[in-house]
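Engineer: Here you go, one structure.
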Amino acid sequence: MNSSLNLSAQAQIIDGKATANAVLEEVKAEVEQFKAQGIAPCLAVVLVGDDPASHVYVRNKVEKAQYVGIRSLEFRLDADTDQQTLLAQIDALNRDMSVHGILVQLPLPEQINETVVLEFIDPKKDVDGFHSENVGGLSQGRDVLTPCTPTGCIRLLKDTIGENLSGLHAVVVGRSNIVGKPMAALLLKESCTVTVVHSKTKNIQALCQQADIVVAAVGRPRMLNQEYFNPNAVVIDVGINRIQENGKNRLVGDVDFEEVANHVQAISPVPGGVGPMTIAYLMKNTLTAARLQTQQI
Ligand code: NDP
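Residue numbers (our numbering): 904 to 1200.
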């Protein structure tokens, strides 16, 4: 464990905002190196429909790309766009040598099959890491494009614990394709001993109590209380839950932060923990994609 970890009752608060800013500065410097070689890294974002939250997410992604110097292209398609039209758009982006990353904002309208669309993206441009070729590559421990949220969680863990996570017991709560499963695969790649628990698991509490690392990705407000953790646990809370409390809207995680923060080694807050890392790693993935396609740097 990193000697900076606080062994007193107050846990280290893992500052995702600060780490995300550091990642963005790293990306900015790398973008300059690409540009010096005549390559302008480029991310294309495709949005279908009028979902207000998706519009906000896309705007944030485009703004962050601009900040780090990545060229961004936005394609907004009507809510009634058919699958063929979307695939034709992706085909054009797959063929366009100046585009290095393609992100299709989810969810898609119901007339479009999400799996078909995600599988249609060139795996080398798949900055979300959802293509089966990348999912398979990750499960084999190969260096491929990996999903942004769990990849950001690994960075937070390394910044907190140290580069070497080998031998630590990690419990991942949740087994979604977007977070839980890739998180488990990434931890295994780091030589952690990994336990994945889900809605059918018996006695989650006892399993979490044994963990050096707990990653919570459930989508249930404050599900994990103090009883789930041993005092040496490092806790990464991926959950983003909107709740009403005292007549106000609040964002809370899957971990009861107020209760747990005094009883573990380190914990990431919500908001300000994993959230900012996701978008920072989208930028990192765009550069990895550019590297894969240009064999540069
Ligand atoms: P999903 O709903 O796809 O998956 C939730 C997982 O939690 C499932 O595997 C489910 O099990 C499991 N689960 C549900 N209830 C329980 C329970 N009572 N006990 C144990 N396990 C349970 O969610 P996501 O993985 O997409 O997202 C999880 C959370 O992370 C959400 O709050 C989401 O908003 C947030 N998120 C945050 C991101 C960020 O950038 N910070 C990015 C992506 C997600 P089963 O498979 O058996 O149904």
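The C-beta atom is built at its ideal place from N, Cα and C for all residues, glycine as well.
Just grab the DSSP bridge partners of T1104 for me.
Structural biologist: In the DSSP output, where bridge partners are listed per residue, T1104 has none listed.
Engineer: Out of V951, L1068, A1136, which has the shortest C-alpha to C-alpha gap to Q987?
Structural biologist: V951
Engineer: Considering G1004, what are the terminal residues of the beta strand (DSSP E) in which it resides?
Structural biologist: 1004 to 1007
Engineer: On the DSSP letters alone, give me the boundaries of the beta strand (DSSP E) that Q1147 sits inside.
Structural biologist: 1144 to 1148
Engineer: Could you tell me which uninterrupted alpha helix (DSSP H) segments, each at least 4 residues in length, are contained entirely in the stretch 1124 to 1197, listed from first to last along the chain?
Structural biologist: Within the stretch 1124 to 1197, the complete alpha helix (DSSP H) runs of at least 4 residues are 1160 to 1163, 1177 to 1197.
Engineer: Tell me whether the beta-carbon of L1089 lies closer than 8 Å to the beta-carbon of C1111.
Structural biologist: no
Engineer: Please give the ranges of any beta strand (DSSP E) in the stretch 1002 to 1063, keeping only runs that are unbroken, at least 3 residues long and fully inside the region.
Structural biologist: 1004 to 1007
Engineer: Can you list the residues near the ligand NDP, meaning Cβ strictly closer than 5 Å to any non-hydrogen atom, in the order they appear in the chain?
Structural biologist: T1052, G1077, R1078, S1079, I1081, V1082, H1101, S1102, A1120, V1121, G1122, V1141, G1142, I1143, V1177, G1178, T1181
Engineer: Roughly how many angstroms separate the alpha carbons of N963 and K1105, rounded to a whole number?
Structural biologist: 39 Å
Engineer: If I'm right that C1051 touches Y960 with Cβ under 8 Å, what's the distance once you round it to whole angstroms?
Structural biologist: That pair is no contact at about 12 Å.
Engineer: Quick one: Cα of D953 to Cα of A982, how far?
Structural biologist: Taking the straight line joining both Cα atoms gives about 6 Å.
Engineer: Kindly indicate which residue of P955, V1047, R1153, I1170 has the alpha-carbon position closest to the one of T1191.
Structural biologist: V1047
Engineer: Quick check on this structure: which residue in V1158, A1136, L1011 has the alpha carbon closest to the alpha carbon of L990?
Structural biologist: L1011
Engineer: Would you kindly work out how many angstroms separate the C-alpha atoms of E977 and E1022, rounded to a whole number?
Structural biologist: 20 Å
Engineer: Enumerated in chain order, which unbroken segments of the beta strand (DSSP E) with a length of 3 residues or greater are wholly contained in the stretch 939 to 1006?
Structural biologist: 945 to 951, 974 to 980
Engineer: When we look at the beta-carbon of N909 and count the other beta-carbons within 10 Å, is it buried (16 or more) or exposed?
Structural biologist: Caution is warranted here: a pLDDT of 42 is assigned to N909, below 50, making its placement in the model unreliable, and the coordinate value is therefore given only provisionally. Burial call: exposed.
Engineer: Mapping the DSSP letters down to three states, classify A914 as helix, strand or coil.
Structural biologist: coil
Engineer: Exposed or buried, S1035, counting other C-beta atoms within 10 Å across all chains shown (16 or more means buried)?
Structural biologist: exposed
Engineer: Return yes when the C-beta of D1115 is under 7 Å from any heavy atom of the ligand ADP, and no when it is not.
Structural biologist: Among the ligands modelled here, namely the ligand NDP, the ligand ADP does not occur.
Engineer: Quick one: residues in its chain with C-beta nearer than 7 Å to the C-beta of Q1113, no 5 flanking neighbours on either side, listed in chain order?
Structural biologist: H1072
Engineer: Apart from the five residues on each side of it in sequence, which residues of its chain come closer than 6 Å, Cβ to Cβ, to G1004?
Structural biologist: Contacts found: L946, K1028, V1030, T1189, A1192.
Engineer: Express the C-alpha separation of A956 and K1092 in angstroms, rounding to a whole number.
Structural biologist: 33 Å
Engineer: On a CA-only basis, which of A921, A925, Q913 is nearest K1187? Give me that one, please.
Structural biologist: A925
Engineer: Just to check my reading of the structure: Q913 and V949 have Cβ atoms closer than 8 Å, yes? What is that Cβ distance to the nearest angstrom?
Structural biologist: In fact, because the Cβ distance is near 45 Å, the residues do not count as touching under 8 Å.
Engineer: Can you give the beta carbon distance from V1155 to N1144, rounded, assuming they're within the 8 Å contact cut?
Structural biologist: Going by Cβ atoms, the distance from V1155 to N1144 rounds to 5 Å, so yes, they are a contact pair.
Engineer: Could you work out which residue in Q1108, K931, P1174 is closest to Q1225 when comparing CA atoms only?
Structural biologist: Residue 1225 lies beyond the residue range present for the chain, which begins at 904 and ends at 1200; the question has no answer from this structure.
Engineer: In whole angstroms, what separates the C-alpha of A943 from that of Q936?
Structural biologist: 10 Å
Engineer: Let me know if S1014 comes out buried or exposed under the rule of 16 or more other beta-carbons within 10 Å of its beta-carbon.
Structural biologist: Residue 1014 is actually Gln in this sequence, not Ser. Q1014 should be labelled exposed.
Engineer: Do you know how far the Cα of T1054 is from the Cα of A921?
Structural biologist: If you draw a straight line from the Cα of A921 to the Cα of T1054, it comes to about 16 Å.
Engineer: Who are the near neighbours of S911 in its chain, counting only those whose CB is closer than 6 Å to its CB and skipping five residues on each side?
Structural biologist: Model confidence at S911 stands at a pLDDT of 46, short of 50, so the residue's coordinates are unreliable; what they give is reported in the following sentence. Answer for S911: no residue qualifies.
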